[in-house]
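Residue numbers (our numbering): 1117 to 1486.
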């Protein structure tokens, strides 16, 4: 049984003797976690029950931009799950009658106040706006294009120059996959949003617009700035295929082991969950830097990797800048990992300048780094 991501389904599958797998970037115990500290005993017991139900799941296929999910016993990370493109940028623009040199923003938004209307002067001169989800009776200015209800959004996104909308897994994953600058407005009380926003900003794909500017039409500075972004998401986007293979193997009885340190992962999740519970209503608490975007980036390594292979293999080259004055590195895997991290600071990866800057600053406090 596959679920996204119903707690009782995991418990029901276990009671029926059926293996269950969840696929998600968030879980409902995290979404409702505020009830633990803000509500009465009855609501707390519901959150406890949700977490207990999730613990019956065999493993979680965890999507990028994930929230803390300590209730799951085992986790397998998969790439972004995105819808594939059906048409090229030029094909979509030709069908819509839009020239190649026209700047286009796709407006993927809902929930505005009654009587709120889009206005011509909100767009920079010469721009067009593709409007998703407009009602049949909604009248639009001439520089806005009403899209059909069944329009295939990924093709339209890839044919646009930027997007204006709310953060959700679908919009974020497709903006990253198709390197589309995303001008977003925050939503209060959406617990999963900070983690998706963190991923957007990490890959230089997002600009935040304050809600007042959205509603009053102060769009131009944000849209023009979006054109200066250089989205750099370079990780795989074949999560659908990867998840399908894992699920197919699981269905025929194959046992999957994530290879990750489950105890460390669950502890990190629990700590960050605690951080989030401390925030004031409607305000974010920053995500700790060590709770990063992937297991690779936070430095978790399989405990079975032999130390000798690390020194003599590719990792060994990272110690050239260090002179070992006493002893050797045999068996000191934590020390080797630390030196590897320090060595990595001498390079300049243009995709992660903010992370490089933070780590250089932290290292300079401890060491005299040039």
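Where is the CB? At the ideal position from N, CA and C, for every residue including glycine.
For residue 1245, the uninterrupted beta strand (DSSP E) segment begins and ends at 1244-1247.
Counting along the chain, the unbroken beta strand (DSSP E) around residue 1137 starts and ends at 1137-1140. Judged by pairs of C-beta atoms under 8 Å, the stretch 1186-1202 does not touch the stretch 1301-1318, as fewer than three such pairs exist. Per DSSP, residue 1221 lies in no alpha helix (DSSP H); the unbroken beta strand (DSSP E) holding it starts and ends at 1220-1224. Assigned with DSSP and collapsed to three states, residue 1350 falls in coil, not helix or strand. When the five nearest sequence neighbours on each side are left out, the beta carbons in the same chain lying within less than 7 Å of the beta carbon of residue 1249 are those of 1226, in order along the chain.
In this structure, residue 1292 keeps its C-beta atom at 7 Å or more from the C-beta atom of residue 1268.
Residue ranges of uninterrupted beta strand (DSSP E) with 3 or more members, entirely inside the stretch 1149-1183 and ordered along the chain, are 1175-1178. In the displayed model, residue 1279 falls within a strand according to three-state DSSP. Residue range 1191-1193 is occupied by the beta strand (DSSP E) that includes residue 1192. Taking each of 1394, 1388 and 1274 in turn and checking the Cα distance to residue 1405, the smallest one comes out for 1388. For residue 1210, the uninterrupted alpha helix (DSSP H) run begins and ends at 1205-1212, by DSSP. Non-local beta-carbon contacts of residue 1346 in its own chain, meaning distances under 7 Å to residues more than five positions away in sequence, involve 1320 in chain order. Secondary structure at residue 1324: strand, using DSSP grouped into helix, strand and coil.
Distance check between residue 1337 and each of 1238, 1351, 1211 and 1184 places 1238 closest, using alpha-carbon atoms only.
Residue 1262 is bridged by DSSP to 1247.
Relative to the Cα of residue 1143, the nearest Cα in the group 1151, 1329, 1332 and 1178 belongs to 1178. Annotation for residue 1124: the continuous alpha helix (DSSP H) segment containing it runs 1123-1131. Cβ-Cβ distances below 6 Å link residue 1327 to 1301 in the same chain, with the five nearest sequence neighbours on each side left out; the list follows chain order. Following the DSSP letters along the chain, one finds residue 1146 in no beta strand (DSSP E) but inside the alpha helix (DSSP H) bounded by residues 1144-1147. Residue pairing of residue 1197 in beta bridges, as defined by DSSP: 1354.
With 16 or more other Cβ atoms inside 10 Å of its own Cβ, residue 1187 counts as buried. In this structure, DSSP gives residue 1368 a state outside helix and strand, which the three-state scheme calls coil. With respect to the 7 Å criterion, residue 1138 and residue 1183 are not classified as neighbours on the basis of their beta carbons.
Assignment of residue 1454 by DSSP, reduced to helix, strand and coil, places it in the helix class. With respect to residue 1209, residue 1274 sits apart: the two C-beta atoms are not nearer than 7 Å. One alpha carbon belongs to residue 1166, the other to residue 1181, and they sit about 21 Å apart.
Ranking 1284, 1297, 1288 and 1298 by CA distance to the CA of residue 1304 puts 1284 first.
Comparing alpha carbon positions, the residue from 1148, 1344 and 1342 closest to residue 1163 is 1148.
Beta-bridge partners assigned by DSSP to residue 1289: none are found.
Closest in C-alpha terms to residue 1266, from the list 1280, 1125, 1191 and 1251, comes 1251. For residue 1188, there is no enclosing beta strand (DSSP E), since its DSSP letter is neither H nor E. Around the CB of residue 1290, 16 or more other CB atoms lie within 10 Å, so the residue is classed as buried. Where residue 1301 is concerned, the enclosing beta strand (DSSP E) starts and stops at 1298-1301. Of 1256, 1394 and 1296, the smallest CA-CA separation from residue 1220 is found for 1296. When the Cα atoms are used, residue 1263 and residue 1247 turn out to be separated by approximately 6 Å.
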